[in-house]
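Down below is the structure, laid out as C-alpha cells.
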Amino acid sequence: MKACIFDLDGVIVDTAIYHYQAWKRLANEMGFDFTEEQNEHLKGVSRMASLEYILSWGKIVGKTDAEKAEMATRKNKWYNEMINQMTPAEILPGAREFVQSCRDAGIKTAIGSASKNTPTILNKLQLARLFDAVVDGNSVTNPKPDPEVFLKGAIALGVTPEDCVVFEDAVAGVEAAKNGGMKAVGIGSKETLSKADLVVSGLDKFSLEMLNNL
Ligand code: G16
Ligand code: MG
Numbered sequence: 005m006k007a008c009i010f011d012l013d014g015v016i017v018d019t020a021i022y023h024y025q026a027w028k029r030l031a032n033e034m035g036f037d038f039t040e041e042q043n044e045h046l047k048g049v050s051r052m053a054s055l056e057y058i059l060s061w062g063k064i065v066g067k068t069d070a071e072k073a074e075m076a077t078r079k080n081k082w083y084n085e086m087i088n089q090m091t092p093a094e095i096l097p098g099a100r101e102f103v104q105s106c107r108d109a110g111i112k113t114a115i116g117s118a119s120k121n122t123p124t125i126l127n128k129l130q131l132a133r134l135f136d137a138v139v140d141g142n143s144v145t146n147p148k149p150d151p152e153v154f155l156k157g158a159i160a161l162g163v164t165p166e167d168c169v170v171f172e173d174a175v176a177g178v179e180a181a182k183n184g185g186m187k188a189v190g191i192g193s194k195e196t197l198s199k200a201d202l203v204v205s206g207l208d209k210f211s212l213e214m215l216n217n218l
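Throughout the sequence shown, residue numbering follows the numbering used here, covering 5 to 218 in sequence.
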C-alpha cells in the first residue's frame, strides 16, 4: 500500500455531535425534534442531503430552493460557532499517531471528506500539515457512495486506486472506496460496515502491520 485516505468526521474527529446539535436547533425552530438514532442517517451525507432528511422527518413540504439554502446557511453558522471552539484534545484516540506512522513509513496520506468545513476543522485540530492532500466538499460534486472524493485523493497523491486504503465510518463511504477499486477499513461495527475489508473500532486499534496484511 502506498497511500491512506482518511474520512474526517467519525475517523479523525467526532464532529457528528456538533452537526447533530446544529440540525436539532434548526428543527426545533421549525417546531419539531429528531432523535440521536435518526441522526445516524446524516453521517457522511452532504449538507443539503442532510437538510432533506430533516425536512422529511418534520413533514415540512413546499420549501423553495432559496429557503432551503437559507436554512442550511443558518445551520452552518451555528455549526461553525461550535467547531471554532475545538482543540487538538478532540482528535480521536490513535488518529494522529497512526497518520504520523504512515508518514514515517513513506506512505502518503490524504483526507477525503464530504465536509465543506474541512479546512477549519483541520486548522483547529492542528492537523493540516499531517496530510499530503485534502479533498473535501469544496472540490467534489458527486457525494459518496460515488468514489469521486477518493479518486481525486489518489490523483492528488500520484498513486493508483489499487495502492490506496480508505478509512471510513459511514456505509456510503465504504461503498465509495470499493466503487473506486480501493481497499476499505471500516471504523465502527462489523454489522454496519459489512462491505469493508476489515473493521476496527478506531485508529487506536489499527497498525501498519495490519495495513500490510490487507
Ligand atoms: C461530514 C459529516 C456529515 C456532514 C458532511 C457535510 O462528512 O459526516 O454529517 O453532513 O460532512 O458537512 P458540512 O456541512 O461541514 O459541509 P465526512 O465525509 O467527513 O464524514
Ligand atoms: Mg465520516
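Every residue gets a Cβ at the ideal spot worked out from N, C-alpha and C, and that includes glycine. Source: prediction; values computed, not measured.
Close beta carbons around residue i, own chain, < 6 Å, minus the five adjacent residues each side
i: A132; result: L126
i: P165; result: A158, G184, G185, M186
i: G110; result: none
i: G192; result: D173
i: C168; result: A7, I9, A158, M186
i: S105; result: L212
Inter-residue CB distance, residue i and residue j (contact presumed, cutoff 8 Å)
i: D136; j: T113; result: 6 Å
i: Y7; j: L161; result: Sequence inspection shows Ala at residue 7; the Tyr mentioned does not correspond to that position. Their Cβ separation, rounded to whole angstroms, is 5 Å, which keeps A7 and L161 in contact under 8 Å.
i: V144; j: V138; result: At roughly 11 Å, the Cβ-Cβ gap does not stay under 8 Å, so V144 and V138 are not in contact.
i: A176; j: G48; result: 5 Å
i: K194; j: V178; result: Actually they do not touch by this definition, with Cβ atoms about 12 Å apart.
i: F102; j: L207; result: 4 Å
Residue burial classification, residue i (beta-carbon count within 10 angstroms, cutoff 16)
i: I159; result: exposed
i: R51; result: buried
i: I87; result: buried
i: K28; result: buried
i: M34; result: exposed
i: A31; result: buried
i: I21; result: exposed
i: N146; result: exposed
i: L218; result: exposed
i: M75; result: buried
i: N142; result: exposed
i: A26; result: buried
i: A2; result: This structure leaves residue 2 out entirely; the chain is present only between 5 and 218.
i: S60; result: exposed
i: S54; result: buried
i: K79; result: buried
Close Cβ partners of residue i (< 7 Å) along its chain, the five nearest in sequence each way excluded
i: H23; result: L46, Y83
i: L215; result: M5, V169
i: A180; result: K148, P149, D150, P151, V153, F154
*Could I get the ranges of all uninterrupted alpha helix (DSSP H) runs contained in the region 57-87, with 4 residues as the minimum, in chain order?*
69-87
*asked:* For a minimum of 4 consecutive residues, which ranges assigned as the alpha helix (DSSP H) are wholly contained in the region 137-210?
replied: 152-161, 175-183
*Would you check if the region 63-80 and the region 90-109 touch, i.e. whether three or more CB-CB distances between them fall below 8 Å?*
Taking 8 Å as the limit for Cβ pairs, the verdict is that the region 63-80 does not touch the region 90-109.
_When you compare the region 8-28 with the region 116-130, are there three or more beta-carbon pairs, one atom per stretch, that lie closer than 8 Å?_
The count of Cβ pairs closer than 8 Å, one atom from the region 8-28 and one from the region 116-130, reaches three, so the stretches are in contact.
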